[in-house]
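Sequential numbering from 3 applies to the sequence shown in my numbering. Notes follow once the structure below has been shown.
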Amino acid sequence: MKTKGKFITLEGIEGAGKTTQLAVVQSCLEEQGVDVLTTREPGGSPIGERIRALLLDPDLKGIAADTELLLMFAARAEHLEKKIQPALENGIWVLCDRFTDATYAYQGGGRGIELERIALLEEYVQDSMRPDLTLLFDLPVATGIARAGRRSAPDRFESEAVCFFEDVRTGYLAIAQSNPERVRVIEAGVPVEQVSDQVRRQVTAFLKEIDR
Ligand code: T5A
3 MKTKGKFITL EGIEGAGKTT QLAVVQSCLE EQGVDVLTTR EPGGSPIGER IRALLLDPDL
63 KGIAADTELL LMFAARAEHL EKKIQPALEN GIWVLCDRFT DATYAYQGGG RGIELERIAL
123 LEEYVQDSMR PDLTLLFDLP VATGIARAGR RSAPDRFESE AVCFFEDVRT GYLAIAQSNP
183 ERVRVIEAGV PVEQVSDQVR RQVTAFLKEI DR
């Protein structure tokens, strides 16, 4: 029987550098002979990508917070069943650009939805499924927003006020504090190469911990 793959997630506010560093995690793992699948949330499956388009559409500003929350978990249910779980069962490691910590940080910290309600949906959609490792890219909000703004026109989330992202960042740091075994905080407000060095160190440490 094949050993199950590991599930690694990358998290952080807008412009934190997750997408840039996903390639670094992937190459670290592939150098060690690990089969890797990269994906993202919201999205990652055909239906999930259609839900993503709805969620990021800057014209849908008035969407209710609960609708946003349920759409995140609808996309996640599809993603887990069609893509993430089958890969893990086949021994493939899954690297995901955002997952449920983003729901706690954005819909919980940012929108103010009670964390207990998010936990109910997490349990319903994921059962006991949780990431094995999460890299949290932390940086000052102003730095992240400036980077994201240089890259493209703002989507619906990127159009939020600075205080929203401060709450999201606080939410993420609280998750890291409560889950020190799983969540490793990367200082992301420094030049790309310095971020990549921290990422390589954390991935190497994780591989040692699981004795691969
Ligand atoms: N969301 C998502 C929720 O609200 N709830 C949920 O449950 C989930 C799953 C997704 C949105 O959905 C929300 C959160 C998000 O708002 P998205 O497009 O996936 O939207 O948004 P982001 O993941 O935030 O994408 P970004 O591209 O903004 O951020 P990244 O991926 O962290 O940053 P990256 O790597 O693309 O870099 C951004 C720019 O900065 C440069 C890059 O070259 C790029 O131009 N850069 C650096 N510049 C200087 N120094 C460095 N160290 C740099 N690293 C990268």
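Even for Gly, the Cβ is constructed at its ideal location relative to N, Cα and C. Keep in mind the model is a prediction, meaning the values are calculated, not measured.
Does the distance from the C-beta atom of residue i to that of residue j stay below 8 Å?
i: Ile188; j: Val201; result: yes
i: Ile120; j: Gly110; result: yes
i: Leu57; j: Arg132; result: no
i: Asp99; j: Leu209; result: no
i: Pro88; j: Pro156; result: no
i: Phe75; j: Gly112; result: no
Rounded to whole angstroms, what's the CA-CA distance from residue i to residue j? Just pull it up for me.
i: Gly19; j: Ser161; result: 18 Å
i: Arg184; j: Ser47; result: 25 Å
i: Tyr106; j: Pro182; result: 16 Å
i: Ala77; j: Ile49; result: 7 Å
i: Arg186; j: Val205; result: 10 Å
i: Leu137; j: Thr11; result: 6 Å
i: Ser154; j: Ile15; result: 15 Å
i: Pro193; j: Ile212; result: 29 Å
Exposed or buried, which one is residue i when buried takes at least 16 other CB atoms within 10 Å?
i: Tyr126; result: exposed
i: Leu122; result: exposed
i: Ala163; result: exposed
i: Asp103; result: buried
Query raised in the report: Does the region 11-30 come close enough to the region 136-150 to have 3 or more Cβ pairs within less than 8 Å?
Result: The region 11-30, when compared against the region 136-150, does touch it at the 8 Å Cβ threshold.
Query - Runs of beta strand (DSSP E) wholly within the region 115-159 (minimum 3 residues, chain order) - result: Here the runs fully enclosed are 135-140.
Query raised in the report: Are at least three pairs of beta-carbons, each pair with one atom in the region 134-147 and one in the region 35-42, less than 8 Å apart?
Result: No, because fewer than three Cβ pairs between the region 134-147 and the region 35-42 fall closer than 8 Å, the two stretches do not touch.
Query raised in the report: So, do the region 64-71 and the region 27-41 have three or more beta carbon pairs nearer to each other than 8 Å?
Result: In short, these stretches do not touch, since the Cβ pair count stays below three.
Report task. At 4 residues or longer, and completely inside the region 12-57: list those alpha helix (DSSP H) runs for me, N to C. Result -> DSSP assignment within the region 12-57 yields the following whole alpha helix (DSSP H) runs of 4 residues or more, N-terminal first: 20-33.
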